[in-house]
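The numbering of the sequence shown is my numbering, which starts it at 331 and goes up by one.
We put the beta carbon where it would ideally sit given N, CA and C, even for glycine.
Notes for the one structure printed next.
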Amino acid sequence: MRTTHILKTWIVPFSEVWNDRKRFEIRVNDRDFKTDDYLTLVEYDRQWEQTTGRMIQAKVTCIYGAGEWGIPENTVVMGIDILSKSDKIDRK
């Protein structure tokens with residue numbers, strides 16, 4: 331069964347995905363991520379402690395886990411395909 335994971339993503343790594351320079355996510359595997367799951371990346375401003383309104387919908391294409399390629403325990407590297415982007419800035 332495919333799952334959609336909603337993930338807060340800090341501004342710099344979010345912008346790298348937004349601008350087509352980064353096609354992977356590195357995360358603690360606390361959600362049992364799987365190939366073909368969907369990710370909703372929500373841009374999060376740590377300084378203001380709020381979301382910015384920008385979101386990216388992505389699909390997980392592959393996963394590398396702990397023990398592979400020197401990846402630490404309880405960590406995954408997920409290859410992603412971007413499905414859509416939304417830019418609804420809502421800062422107050």
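Quick check on D360: buried or exposed, where buried means 16 or more other Cβ atoms within 10 Å of its Cβ?
exposed
Would you call T333 buried or exposed, if buried means 16 or more other Cβ atoms sit within 10 Å of its Cβ?
exposed
Relative to the C-alpha of V372, which residue among E355, N404, F344, I401 is closest?
F344
Can R376 and D417 be called in contact, C-beta distance under 7 angstroms?
no
Nearest by alpha-carbon distance to R357: which of D350, G395, K415, T365 is it?
G395
Using three-state DSSP, classify W378 as helix, strand or coil.
coil
As assigned by DSSP and simplified to three states, the class of I401
coil
Neighbourhood of L337 by C-beta distance below 8 angstroms, restricted to the same chain and skipping five residues each side:
E355, R357, L369, T370, L371, V372
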